[in-house]
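Below is one structure, written out as structure tokens; the observations come after it.
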Amino acid sequence: MKVLIDADACPVVDLALSISSEFEIETILFCDTSHRVERDNVITIIVPKGPDSVDFTLVNALSKHDIVITQDYGLAAMVLARGGYPIDQNGREMSDENIERLLDMRHVGQKIRRAGGRTRGPKKRTQENNISFELKFRQICERAILAQKVEESKGEK
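Throughout, the numbering used here is defined as the position within the sequence shown, counted from one, plus 1.
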């Protein structure tokens with residue numbers, strides 16, 4: 002099990018690294034050449050700049066029960082399909098129950114922008130966002146570790 006971070010413009014990289022180290026979960030950062038995000042003692046995979054190049058590289062490295070930190074709903078949908086746990090930087094967990102609605106909202110926003118309209122950008126990041134992320138990320142780490150242990154114990158029998 003690993004934590005994979007879509008590190009391009011991710012404001013919680015250091016917080017996620019701190020928490021994942023507490024759980025002793027390997028963490029890998031993914032970014033493109035225009036967003037080099039590197040930290041000591043952490044693997045960073047840097048891919049050429051291009052549409053969705055980070056997303057596809059991350060998905061190819063994904064295993065069941067991996068946790069993925071991303072704000073990209075399309076990537077989150079691929080993570081769910083492969084048995085992973087996607088969470089955004091504000092602590093919102095993407096799930097089979099909410100991913101369609103989130104993808105629909107993204108699609109509507111894209112249509113508005115393509116037609117020349119404007120949509121609101123994200124609100125300014127607050128300390129509450131960090132607290133929400135930390136709480137949910139810890140819960141997901143615990144759940145993923147338990148799920149992996151259960152699966153491993155079934156495989157041994």
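Think of the CB as a built atom: it goes at the ideal place given N, C-alpha and C, for glycine as much as any other residue.
Exercise. Within the stretch 7-83, note down every full alpha helix (DSSP H) run reaching 4 residues or more, in order along the chain.
Key: As far as the stretch 7-83 is concerned, its whole alpha helix (DSSP H) runs of at least 4 residues are 14-23, 54-62, 74-82.
Quiz item: So Pro87 is in the beta strand (DSSP E); what residue range does that whole segment cover?
Solution: Taken as a continuous stretch (DSSP letters only), the beta strand (DSSP E) holding Pro87 covers 86-88.
Quiz item: How many whole angstroms separate the CB atoms of Asp7 and Val48, which I take to be in contact at a CB cut-off of 8 Å?
Solution: That belief does not hold up - the Cβ atoms of Asp7 and Val48 are roughly 11 Å apart, past 8 Å.
Practice problem: On the DSSP bridge assignment, give the partners of Val4 in chain order. | Solution: Bridge pairing for Val4: Thr28, Ile68 [DSSP].
Quiz item: CB-CB under 7 Å to Leu18, same chain, minus the five flanking residues each way: which ones, in chain order?
Solution: Closer than 7 Å at Cβ, skipping near neighbours: Thr28, Arg40, Val43.
Quiz item: Looking only at C-alpha atoms, which of Arg115, Pro87, Ala148 sits nearest to Val160?
Solution: Residue 160 lies beyond the stretch modelled for the chain, which goes from 2 to 158, so this question has no answer here.
Self-check item: Nearest-angstrom Cα separation, counted from Ala148 out to Gln140
Solution: So the two alpha carbons sit approximately 12 Å from each other.
Exercise. Report the partner residues of Val152 according to the DSSP bridge assignment.
Key: The residue asked about is misnamed: residue 152 is Glu in this sequence, not Val. Looking at the DSSP assignment, Glu152 forms no beta bridge with any residue, so it has no partner.
Quiz item: Leaving out five residues before and five after Lys158 in sequence, what residues of the same chain have Cβ atoms less than 8 Å from its Cβ?
Solution: Confidence in Lys158 is poor, its pLDDT being 48 and thus under 50, which makes the residue's placement unreliable; the coordinate value appears in the next sentence. Contacts found: none.
Practice problem: Between the Cα of Glu129 and those of Ile46, Gln90, Gln72, spot the shortest distance and give me the residue it belongs to. | Solution: Ranking Ile46, Gln90, Gln72 by Cα distance to Glu129 puts Gln90 first.
Quiz item: Considering only the beta carbon of each residue, do Val13 and Asn131 sit closer than 8 Å?
Solution: Their beta carbons are under 8 Å apart, which means Val13 touches Asn131 by this criterion.
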